[in-house]
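J.:
Protein chains in written order, with our numbering: chain A, 20 to 867; chain B, -2 to 113.
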């Protein structure tokens, strides 16, 4: 019999063992009778010789080598019975663990989906993203000329793909625009994509010379065309250009990168769809063309990087102005939805989320520790009894540990559906790609069970050790548990407070400019290859026409329209060793009236004025704290400060540190400019008129018209979401802290029931008893609060930019969080103590 | 009428004795202990408490294999038999035992090693 048979055929083996030993016994008895003893004497003698039959059997069983597993199963069954016996404790412990583990599982699942799981494309391991870097530049895009060169010359890549996102396009003159991505013709075939209907791009058929075509995403097909299969072969209108729909990608097709476009267009036909642009012909084209590749069989990423680097050096000879100094190529795994990139200047998102999740788990674990300890007190008799019956310490310890592990396992099991449910909602709500599944994969299972294991082991170990050692004094561990959970709850509560306050601040405080009645019109000239003079003419004409519209009060242009902009430029200067962050903007003279930004000193620009700058009040004060800035030269340029305007939070609502400065637009800026229109009444009623005017000036352009209120709402809703998530975490933290403290104080009271009863019997003052019981909780709570405040203060410096207009040290948030925490802790403490005061003194004393 | 064993068997020796006895042919536990007692002229008596755990250990190590059969008195008993692996083991252990006793005897019989 092998090990497994020995493990599984226990019943048969027991029977055989019994028969074997019985045979020996009977044979020995028979021999003794033969030797002349009576049967009774023979049996008695044999029994004496045999000694303990059960002990022999146990020794035989041990020789099977399966006993440890069998005893673990026994322990588990025993543990399950114990847990079932006190359902109140078990449910609380499992709930506490499930919340703690559930939050971390959810965070891990999201990370897993985004960064660990491969997107479902053919052979995802060899798909790579290719980016160019240099010590001075980081640019995710690669010029098309370089892409073509790499494609034709790199032997380490078996295929090269290119993608290019563009500003949303108008579909069939609809109000709502669609997101299109231009892709190389091998895109679908390389990724192994299939068509739900029709066909996908084909390198042989869809090139620059052939008829313009597009492939719809499954979602767009459902949403706009009611999944009508006859759409294939029909023409649709995209940004004013007709194109034939050749097919619909399957529902589960995963596009590269994190954008999931509504439709795909052939990159080779880019200049047809976006009139005037020439990203393929012009190596200096500044749009973002993403480069992707497939590694040739057996080629590693680093050897591909080396080959591409040598090709880059050859390219420099062909396009000396395009290739940077010391440019090198980074090849990274491409088949992931999102890659968290560290590095200076990027917010340490992973670390922050990791910390929050860790805090929740720590609170949950600390609670479990507290609960276990409180229960340990009640089980002292049981454990003493086991020792008295001859149980070994290690055996009891192992049994108790198994019980904890069972709790951890059940907690993990309960956490999985919790995290699954929330994740499903998150995916649904965030309109995630169809291939993303909330179902846990092996990584999530592994993570969750590891969390349960760690939680049970870390925080079950010490209380269990103390239970086995039968130590009465658990106060040090106690104090640590209290300290840890108060500290962690404190961090989460303060953060929640800061973020909620920041959201309120964004919504209800004055951003420094009037956004309610302003429309932004982005003509998108840059994408259409407008030259400077052409752009300026267009802008002049548009502004003049708009000024004649009744209800329009001011019209101006700006390179970065407030609130609706998707990219923001920042710069900085050093004043006396301190770095000042500045948002520059390029605006026309009437910008300040249009945006209702008060002119505090000096004057606005004159039409066509050069070499002048206008500063925001805070920038002027930081740069020249005690001097009049008007007439001063700005840094080492020939620009002179001509005016000072009010501070705004126009560029990023969440950055109160920032200051602004304004330049008049130079010739290069015109293709990038947007037009801002202030209206006397509701701006939305003018949208059709403005649209008609903008469209009539140049039929090739499809301007985006956005009310600034929409941008404002978007900003606020982002802040609200973050605040809601952190508040939820804070709520979980409070709940856990309450459960934990209730457990601990109940325990402390139960430990001293007799003492309290005696004191009460002797007529002691209740307040005195109260303080005596709670005395040892005071210091750890205080320590926890101090540690929590210190950690948060450190953290909030990192969070600064998320804190819309609130200082990271906002006293109201700190005081509020601490007040709430102390109030809740007090409530959690009072409940068990009240019960203690109501106890039946005579009975309690009698019982002991 | 228990006669306590006259020797403390050195560690592992019991296994060797069992293997040796079982090598004679299929045999049950009681007969093994009787055999050892008989051959050693009552000098060795194997306790049940040591015999059966040792037998099971050897069986689990695949040195022995067991079959159920009937004795001459018609009772059902578990008969042990040596496996090929057990035979190799017996040979190896016998050799090492002989070597050990030789060495021990050599030292004990050496005139210089004699205690004064």
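All C-beta atoms in this analysis are idealised placements derived from N, C-alpha and C, irrespective of residue type, glycine included.
Helix, strand or coil: how does DSSP classify residue 533(A) here?
T.: Taking the first residue of the first chain as position 1, residue 533(A) is located at position 514. Three-state result, residue 533(A): coil.
J.: Have a look at residue 65(B) and residue 29(B) and give me their C-alpha separation to the nearest angstrom.
T.: As a position in the second chain, residue 65(B) is number 68, starting the count at 1. As a position in the second chain, residue 29(B) is number 32, starting the count at 1. Cα-Cα distance, rounded: 15 Å.
J.: According to DSSP, residue 652(A) sits in a beta bridge with which residue or residues?
T.: Here residue 652(A) is taken as the residue at index 633 of the first chain, counted from 1. DSSP, once it has assigned bridges, lists 659(A) as partnering residue 652(A).
J.: Comparing the C-beta of residue 438(A) with each C-beta of chain B, is any distance below 8 Å?
T.: The residue labelled residue 438(A) in the question sits at position 419 within the first chain. Taking Cβ atoms only, chain B never reaches closer than 8 Å to residue 438(A), which makes this a no.
J.: Is DSSP giving residue 32(B) helix, strand or coil here?
T.: For the purposes of this step, residue 32(B) is taken as the residue at position 35 of the second chain. Correct three-state label for residue 32(B): helix.
J.: With DSSP collapsed to three states, give me the class of residue 608(A).
T.: By 1-based counting over the first chain, the position of residue 608(A) is 589. Residue state, collapsed to three classes: coil.
J.: On a CA-only basis, which of 641(A), 682(A), 802(A) and 223(A) is nearest residue 595(A)? Give me that one, please.
T.: Within the first chain, numbered from 1, the residue matching residue 595(A) stands at position 576. When each option's Cα is compared against that of residue 595(A), the closest is 641(A).
J.: Compare the C-beta of residue 40(B) with all C-beta atoms of chain A and state if any pair is closer than 8 Å.
T.: Start at 1 with the first residue of the second chain, and residue 40(B) comes out as number 43. So, not an interface residue.
J.: Rounded C-beta distance between residue 613(A) and residue 575(A)? I'm assuming under 8 Å.
T.: If you number the first chain from 1, residue 613(A) lands on position 594. If you number the first chain from 1, residue 575(A) lands on position 556. Confirmed, about 4 Å.
J.: Which of the three DSSP states is assigned to residue 254(A) in this structure?
T.: Locating residue 254(A) in the first chain gives position 235, counting from the first residue. If DSSP states are grouped into helix, strand and coil, residue 254(A) belongs with the strands.
J.: Give me, in chain order, the residues of the same chain whose beta-carbon lies closer than 7 Å to that of residue 185(A); leave out the 5 immediate sequence neighbours on both sides.
T.: Indexing the first chain from 1 puts residue 185(A) at position 166. 199, 201, 293 and 546, listed in sequence order.
J.: Give, in chain order, every residue of the segment 43 to 64 of chain B whose Cβ lies closer than 7 Å to some Cβ of chain A.
T.: Under the 7 Å Cβ criterion, the segment 43 to 64 of chain B contributes 45, 46, 49, 50, 53, 54 and 57.
J.: Relative to the alpha-carbon of residue 178(A), which residue among 207(A), 52(A) and 715(A) has its alpha-carbon at the smallest distance?
T.: Position 159 of the first chain, counted from the first residue, corresponds to residue 178(A). Closest by alpha carbon: 207(A).
J.: Name the chain B residues that come within less than 7 Å of residue 46(A), Cβ to Cβ?
T.: Your numbering for residue 46(A) matches position 27 in the first chain. Near residue 46(A) (Cβ distances below 7 Å), the residues of chain B are 27.
J.: Helix, strand or coil for residue 637(A)? Go by DSSP, reduced to three states.
T.: If you number the first chain from 1, residue 637(A) lands on position 618. In this structure, residue 637(A) counts as helix in the three-state DSSP scheme.
J.: What's the gap between the Cα of residue 56(B) and the Cα of residue 474(A)?
T.: In the second chain, residue 56(B) corresponds to position 59, counting from 1. In the first chain, residue 474(A) corresponds to position 455, counting from 1. For residue 56(B) and residue 474(A), the distance between alpha carbons rounds to 42 Å.
J.: Which residue comes first and which comes last in the alpha helix (DSSP H) that contains residue 320(A)?
T.: For the purposes of this step, residue 320(A) is identified with residue 301 of the first chain, where counting begins at 1. First-last of the alpha helix (DSSP H) with residue 320(A): 320 to 337.
J.: Would you kindly report the start and end of the unbroken beta strand (DSSP E) that includes residue 696(A)?
T.: On the first chain, position 677 is the one that residue 696(A) refers to. First-last of the beta strand (DSSP E) with residue 696(A): 693 to 698.
J.: Roughly how many whole angstroms lie between the Cα atoms of residue 802(A) and residue 540(A)?
T.: By 1-based counting over the first chain, the position of residue 802(A) is 783. By 1-based counting over the first chain, the position of residue 540(A) is 521. Roughly 56 Å separates the two Cα atoms.
J.: Output the distance between the C-alpha atoms of residue 205(A) and residue 452(A), rounded to the nearest integer angstrom.
T.: Counting from one through the first chain, the residue named residue 205(A) turns up at place 186. Counting from one through the first chain, the residue named residue 452(A) turns up at place 433. Computed Cα separation, rounded: 22 Å.
J.: Measuring only between beta-carbons, confirm whether residue 400(A) sits less than 8 Å from chain B.
T.: The count along the first chain starts at 1 and reaches residue 400(A) at position 381. Not closer than 8 Å to any Cβ of chain B, the Cβ of residue 400(A) fails to qualify, so no.
J.: Note down, in chain order, every chain A residue with its Cβ under 9 Å from the Cβ of residue 74(B).
T.: Against the second chain, residue 74(B) aligns to sequence position 77. Near residue 74(B) (Cβ distances below 9 Å), the residues of chain A are 38, 39, 42, 43 and 46.
J.: Can you give the Cα-Cα distance for residue 848(A) and residue 810(A), rounded to whole angstroms?
T.: Position 829 of the first chain, counted from the first residue, corresponds to residue 848(A). Position 791 of the first chain, counted from the first residue, corresponds to residue 810(A). Going by the C-alpha atoms only, they are around 25 Å apart.
J.: Suppose the cutoff is 8 Å on Cβ atoms and the five residues either side in sequence are ignored; what does the same chain contact list for residue 806(A) look like?
T.: Numbered from its first residue, the first chain carries residue 806(A) at position 787. The residues are 502, 506 and 509.
J.: Should residue 84(A) be flagged as near chain B, meaning a C-beta pair shorter than 8 Å?
T.: Within the first chain, residue 84(A) is the residue found at index 65, counting from 1. Chain B contact via Cβ: present.
J.: Buried or exposed: which applies to residue 652(A), given that a residue is buried once 16 or more other Cβ atoms fall within 10 Å of its Cβ?
T.: As a working note, residue 652(A) is residue 633 in the first chain. So residue 652(A) ends up on the exposed side.
J.: Please list the partners that residue 35(A) has in chain B, where partner means a Cβ-to-Cβ separation under 9 Å.
T.: Stepping through the first chain from its first residue, residue 35(A) is reached at position 16. Simply 63, 65 and 75.
J.: From residue 355(A) to residue 209(A), what distance separates their C-alpha atoms?
T.: Numbered from its first residue, the first chain carries residue 355(A) at position 336. Numbered from its first residue, the first chain carries residue 209(A) at position 190. So the alpha carbons of these two residues sit roughly 16 Å apart.
J.: How big is the Cα-Cα spacing for residue 598(A) and residue 639(A)?
T.: Position 579 of the first chain holds residue 598(A). Position 620 of the first chain holds residue 639(A). Approximately 14 Å, taken between the alpha carbons.
J.: Residues in its own chain within less than 7 Å of residue 372(A) by CB, not counting five upstream and five downstream?
T.: Taking the first chain and counting its residues from 1, the one referred to as residue 372(A) is at position 353. Only 126 meet the Cβ criterion.
J.: Sort 410(A), 392(A) and 443(A) by Cα distance to residue 423(A) and report the nearest one.
T.: In the first chain, counting from the first residue as 1, residue 423(A) sits at position 404. If we check each option's Cα against that of residue 423(A), 392(A) comes out closest.
J.: How about the segment 53 to 73 of chain A and the segment 394 to 404 of chain A: do they share at least three Cβ pairs that are nearer than 8 Å?
T.: Short answer: they don't touch.
J.: Less than 8 Å between the C-beta atoms of residue 223(A) and residue 266(A), yes or no?
T.: Mapped onto the first chain, residue 223(A) falls at position 204. Mapped onto the first chain, residue 266(A) falls at position 247. Not a contact, by the Cβ cut-off of 8 Å.
J.: Is there a C-beta anywhere in chain B that falls below 8 Å from the one on residue 69(A)?
T.: As a working mapping, residue 69(A) is identified with position 50 in the first chain. True, the Cβ-Cβ gap to chain B drops below 8 Å.
J.: Under a three-way DSSP split, which group does residue 356(A) fall into?
T.: Here the question's residue 356(A) lines up with position 337 in the first chain. Note: residue 356(A) maps to coil in three-state DSSP.
J.: With a cut-off of 8 Å on the beta carbons, I'd call residue 250(A) and residue 234(A) a contact; round off their distance for me.
T.: In the first chain, the residue the question calls residue 250(A) occupies position 231. In the first chain, the residue the question calls residue 234(A) occupies position 215. Not really, about 11 Å apart at Cβ, beyond 8 Å.
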